[in-house]
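Asker:
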Amino acid sequence: MQKGKTISKLLGLKQVELAMLLKVSKGQLAMYETFKRNLPISALLPLAEMLRFMKEESLKSGSSEVMQFQAAQKKKVLAHLLKENQFKQKLLERKLERAERKYQANKTALQLMQFLEKEATKKGDSPNNLVKVIERRAANELEKNNWDVVAKLQIQKEVLVAEAEILLKFMV
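In our numbering, the protein residues as written are 66 to 237.
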């Protein structure tokens, strides 16, 4: 037996529970586990059967119904997490596309308005008020939906992709 591993822990039971199963007092079992006292034969026989069963089960390793149930639960939870991850990825892709479109549209509008402003000053005219309004709107939108927003969304997408790969690895 490993150091610090008592028989009750080896069987996955609390000391009180094992004592009740063996029909001995908790004190008797505690002394037996610390090698200070023997158990009555009426308690040793069921204990030996339990230990033999556990040894056989550990050799089978996972063939019990409990292990199969846990494996099925694990698979179910991982499948749910993967489905959630895929949903988040699709949602994030849409947000990213929208942010990139807004960024490009505002950048293009700002460049065009700056061009129109330069053309008006070349001709000696003052820039049209509409040009200035559009330029301010595009600049404000660029400030709100700038490259930082796009970069954050791209990073979040990469994180979700990595998470999906990890989930797939655990499913196998």
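For each residue, glycine too, the CB sits at the ideal point set by N, CA and C.
If we count Cβ pairs, one from each stretch, closer than 8 Å, do we get three or more for the stretch 159-172 versus the stretch 129-144?
Answerer: No: the two stretches stay apart, fewer than three of their Cβ pairs being nearer than 8 Å.
Asker: Run the proximity test for lysine 197: is its beta-carbon closer than 7 Å to any non-hydrogen atom belonging to the ligand NAP?
Answerer: Among the components of this structure there are no ligands whatsoever, and the ligand NAP is therefore not found.
Asker: Could you tell me which of Pro111, Tyr168, Leu86 and Arg202 sits nearest to methionine 178, measuring between CA atoms?
Answerer: Cα-wise, what sits closest to methionine 178 is Arg202.
Asker: Please state whether DSSP places phenylalanine 100 in a helix, a strand or coil.
Answerer: coil
Asker: What are the boundary residues of the alpha helix (DSSP H) that includes asparagine 150?
Answerer: 130-187
Asker: Around the Cβ of serine 73, are there at least 16 other Cβ atoms within 10 angstroms (buried) or fewer (exposed)?
Answerer: buried
Asker: State yes or no: is the C-beta of alanine 164 within less than 8 Å of the C-beta of valine 215?
Answerer: yes
Asker: Under DSSP, the alpha helix (DSSP H) around valine 198 begins and ends at which residues?
Answerer: 194-209
Asker: Within the same chain, show all residues whose beta-carbon is closer than 6 Å to that of leucine 146, passing over the 5 residues directly before and after it, in chain order.
Answerer: Leu232
Asker: In the structure shown, what three-state DSSP assignment does serine 191 receive?
Answerer: coil
Asker: What is the DSSP secondary structure of proline 111, reduced to helix, strand or coil?
Answerer: helix
Asker: Here's the rule I'm using: 16 or more other beta-carbon atoms within 10 Å means buried, otherwise exposed. How should alanine 144 be labelled?
Answerer: Classification of alanine 144: exposed, given that the 10 Å Cβ count is below 16.
Asker: Within this structure, are the beta carbons of glutamate 206 and lysine 167 separated by less than 8 Å?
Answerer: yes
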